[in-house]
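Protein chains in written order, with my numbering: chain A, 117 to 336; chain B, 117 to 336. Idealized CB from N, CA, C, for every residue including glycine.
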DNA sequence: CGGTTTGTTGAGTTCTATCAACCGGGGTGG
DNA sequence: CCACCCCGGTTGATAGAACTCAACAAACCG
């Protein structure tokens, strides 16, 4: 998958791993802010990172929840275009931007992997834009739960369940909603029998088919 | 800039241009649909293309208006994740996906250019997600006009003016609004003295500073 | 155990969508 | 040439989804 650094020692590209610096962050620690000079590229080894952007009016749009294996810090400009904060205790790999580029030139297979990763990032952000532009609160929530559960299934979670390590505030800021609307939405999904809440932060997706249809934008 | 094919004959990478097929489309012609097998990558030589995604309920989210020099058709999967339609008479360069990859391996400078382009695409779609998630109708419109005028200034437009070659419907579907809200929004921006409408489709941005602040999400 | 934080539920407001009427330019045909 | 229609855009009235403000409940922590 997107494993560039994680478990890289046993891959065919040990150079990348060797050239990286390891970093650890505590929960809520800020790694970098939007508009700061972009010197590094990062990869999540363990934990979760949150990418977001603040508006001048204090709005926060979360643009991605990152999990193990995810790459971030990519920008076309000299500065980052998002801010990055640890969502949990986190351990990261870090490369100097220019060094990273050198490595990609040196190892074409790695460059190809990089292209695959970035195209996935692009696809993800198009998905988010579609959701924010066209889906209702409930539909966005359905998609969010599916997304999280699929993401977690790949890194050892229970299929059909979504663990929510982030707060309702984070979910709201990701889906372009308020915490109240998120809360109400979850309640309505529950009352419709599409999900059930094991705990506040662990949700069972009981009707994957309907949830998936909702995420496609099917009318109620 | 993103000129991979346009004017490539006089650049340092003639190989890319030589390996491309040229295609012409009439206005409104569909180039490919979402979920179709992705065999090619394209570059706009002249005209405008529209990338969009349809929802199961008939919603359309436009995910990008493409102009001269823009690259599209990038997907991590075997099929496209958006649909592409000509917004005007259009002429394109086309490469076979695999051939294109070969070229990138062959020419590292080209691969680097490609990485820059994709990171710009990513940045753009993050901008859209921020706008759709956090900005009001008026703020989105302000940003849209700025975006268009900047885009056009680079390819020979008049700075401070935005020509809108697309319909109100297209603008609405891009900004996650309805045509009525777009219309009202433009009227309000006009009444505030931030823009003036030379014609329906040519708008003068009279107060770039305020428009820009609005796009950052500053409260009314 | 009290106090603080996080999440849920309720009541009222606001912004955008919906439904409908109207306007104006561009093409067509009488 | 002009009347007519058609289509895209604007404006108006109303409805609905999500937001705001506020109270309450539940979990968390010292």
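- In the assembly as shown, residue 286 of chain B is a buried residue. Its beta-carbon has 16 or more other beta-carbons within 10 Å.
- At a cut-off of 8 Å between beta-carbon atoms, residue 250 of chain A makes contact with chain B.
- In the three-state reduction of the DSSP assignment, residue 271 of chain B falls in the coil class, being assigned neither a helical nor a strand state.
- Taking all protein chains in view, the Cβ of residue 195 of chain A is surrounded by fewer than 16 other Cβ atoms within 10 Å, so the residue is classified as exposed.
- Within 9 Å of the CB of residue 206 of chain B, no CB atom of chain A is found; the nearest one sits about 21 Å away.
- Exclusion of the five residues before and after residue 290 of chain A leaves 178 as the residues of its chain whose Cβ lies within less than 6 Å of its Cβ.
- The beta carbons of residue 182 of chain B and residue 261 of chain B sit no closer together than 8 Å.
- Residue 231 of chain B and residue 231 of chain A have their C-alpha atoms roughly 7 Å apart.
- Chain order gives the chain A residues near residue 227 of chain B as 227, where near means a beta carbon separation below 7 Å.
- Put simply, of A/158, A/332 and A/193 the residue whose alpha carbon is nearest the alpha carbon of residue 257 of chain A is A/332.
- Taking the Cα positions, residue 312 of chain B is about 52 Å away from residue 207 of chain A.
- Taking a cut-off of 8 Å on C-beta distances, the region 203 to 221 of chain A touches the region 129 to 139 of chain A, as three or more cross pairs fall below it.
- Beta-bridge partners of residue 306 of chain B (DSSP): none assigned.
- Residue 198 of chain B has a beta carbon lying within less than 8 Å of a beta carbon in chain A.
- Taking the CA atoms as reference points, residue 294 of chain A sits about 5 Å from residue 288 of chain A.
- Between residue 180 of chain B and the set B/239, B/216 and B/205, the nearest pair of CA atoms involves B/239.
- The three-state secondary structure of residue 204 of chain B, taken from DSSP, is coil.
- Beta-bridge analysis with DSSP links residue 168 of chain A to A/178 and A/199.
- Excluding the 5 residues flanking it on each side, residue 266 of chain B has no same chain C-beta neighbour closer than 7 Å.
- Assigned with DSSP and collapsed to three states, residue 150 of chain B falls in coil, not helix or strand.
- With respect to the 8 Å criterion, residue 198 of chain B and residue 242 of chain A are classified as neighbours on the basis of their beta carbons.
- Around residue 306 of chain B, the same chain offers 312 and 313 as residues with beta carbons nearer than 8 Å, after the five sequence neighbours per side are excluded.
- From the listed residues A/281, A/155 and A/308, the smallest Cα separation to residue 254 of chain A is found for A/308.
- Within a 10 Å sphere around the beta-carbon of residue 336 of chain A sit fewer than 16 other beta-carbons, which makes this residue exposed.
- Non-local beta-carbon contacts of residue 301 of chain B in its own chain, meaning distances under 6 Å to residues more than five positions away in sequence, involve 253, 254 and 257 in chain order.
- Residue pairing by DSSP places residue 319 of chain A opposite A/278 and A/313 in a beta bridge.
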